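**Q** Have a look at this one.
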Ligand code: HEC
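Residue numbers (my numbering): 327 to 605.
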């Protein structure tokens with residue numbers, strides 16, 4: 327009896343009562359790890375000194391998805407308004423049909439792409455003509471190069487919008503605030519020529535005139551044609567563009583968590599079985 331007691335005392339941690347909680351701690355740790363999959367990349371940096379407007383975005387929740395109609399309307403706002411000055415070099419027309427995005431049909435994407443042209447391969451005479459774009463082509467850029475873009479915008483450069491939501495503190499809330507943040511400058515503030523006053527832009531003077539106004543883009547699905555709605559839709563679209571695999575990441579995170587939970591349970595019962603005789 328005494329020998330047995332001593333033996334028990336000398337046994338490693340796995341035999342003591344306190345250590346029965348180990349599997350639970352382990353399970354909690356791996357569940358936390360799974361949860362990280364859901365949030366990595368979705369982390370939101372704090373905004374600058376000005377407090378940003380916050381909306382509840384459908385894609386923000388851990389298992390959140392994009393609102394398809396908002397993505398499609400958002401594309402329309404980008405194409406009809408923002409694309410006059412901003413490129414989106416990382417996006418190809420075919421991305422518009424991929425799962426997790428606006429999910430236009432292949433046919434719709436062909437029609438959308440064919441509205442734009444691109445220089446074709448040299449023909450038999452070596453001349454380069456334009457051809458209609460196809461889904462595999464990238465979005466067209468409004469300017470040939472940065473100098474041309476600056477020359478048309480009073481020296482300021484309209485940044486590429488492919489990654490803009492990730493590139494700014496405050497992410498989607500910053501973009502939404504910026505687009506709805508044009509207002510009268512406070513009394514006594516001189517707005518330099520060619521600049522506009524924006525409550526959310528760093529330094530407040532922005533070389534982009536307010537791009538949105540009521541009814542500037544026609545919506546066919548009955549959504550309100552207001553600045554607020556346009557800003558919300560184009561923000562949703564640009565958030566998707568900055569991470570087209572966001573929904574897949576969320577789904578994977580969920581699957582990983584389920585797997586880890588089941589695995590933790592299996593490990594717990596395996597451990598009990600393996601050590602059952604030792605107690
Ligand atoms: C007439 C040209 C023009 C149009 C149209 C336009 N922009 Fe801009 N945009 C600019 C210029 C120029 C800048 C650079 C401003 C600066 O640095 O002061 C800019 C800057 C930006 C920025 C960066 C702000 C920052 O924090 O640096 C964002 C985001 C942006 N535009 C989004 C949009 C969106 C979305 C649309 C469509 C709804 C749009 N723009 C339409 C010219 C334009």
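A virtual CB, placed ideally from N, CA and C, is assigned to each residue, including glycine.
None of these values were measured; they are calculated from a predicted model.
1) At a threshold of 7 Å, does residue 465 count as lining ligand 1 (C-beta to nearest heavy atom)?
2) If we count the other Cβ atoms within 10 Å of its Cβ and call it buried at 16 or more, is residue 397 buried or exposed?
3) At a threshold of 7 Å, does residue 414 count as lining ligand 1 (C-beta to nearest heavy atom)?
4) What would DSSP say about residue 594, mapped onto helix, strand or coil?
5) Quick one: Cα of residue 485 to Cα of residue 440, how far?
6) Just the C-alpha distance for residue 516 and residue 438, rounded to the nearest angstrom, thanks.
7) Just tell me which of 389, 419 and 380 has its CA closest to the CA of residue 582.
8) Measuring straight from C-alpha to C-alpha, what distance separates residue 404 and residue 491?
9) Please determine, among 392, 411 and 381, the residue with the shortest C-alpha to C-alpha distance to residue 427.
10) To which residues does DSSP link residue 604 through a beta bridge?
11) Where do the ends of the beta strand (DSSP E) carrying residue 443 lie?
12) Does at least one heavy atom of ligand 1 sit under 7 Å from the Cβ of residue 479?
13) Going by DSSP, what residues sit across from residue 470 in a beta bridge?
14) When DSSP labels each residue in this structure, what does residue 554 get in the three-state scheme?
15) Under the DSSP definition of a beta bridge, which residues are partnered with residue 456?
16) Assess contact between the segment 413–431 and the segment 550–567, defined as three or more Cβ pairs (one per stretch) separated by less than 8 Å. Is contact present?
17) Hey, quick one: how far does the alpha helix (DSSP H) through residue 500 stretch, first residue to last?
18) Span of the alpha helix (DSSP H) holding residue 396?
19) If you follow the alpha helix (DSSP H) that residue 491 is part of, which residue opens it and which one closes it?
20) What does a CB cutoff of less than 6 Å around residue 480 pick up in its chain, not counting 5 residues either side in sequence?
21) For residue 465, name the three-state secondary structure that DSSP assigns.
**A** Reading from the atomic positions:
1) no
2) buried
3) no
4) helix
5) 25 Å
6) 43 Å
7) 389
8) 14 Å
9) 392
10) Partner(s): none; residue 604 has no beta bridge.
11) 443–445
12) yes
13) According to DSSP, which records beta bridges pairwise, residue 470 is partnered with nothing at all.
14) helix
15) 445
16) yes
17) 497–505
18) 394–406
19) 490–493
20) 520 and 533
21) coil
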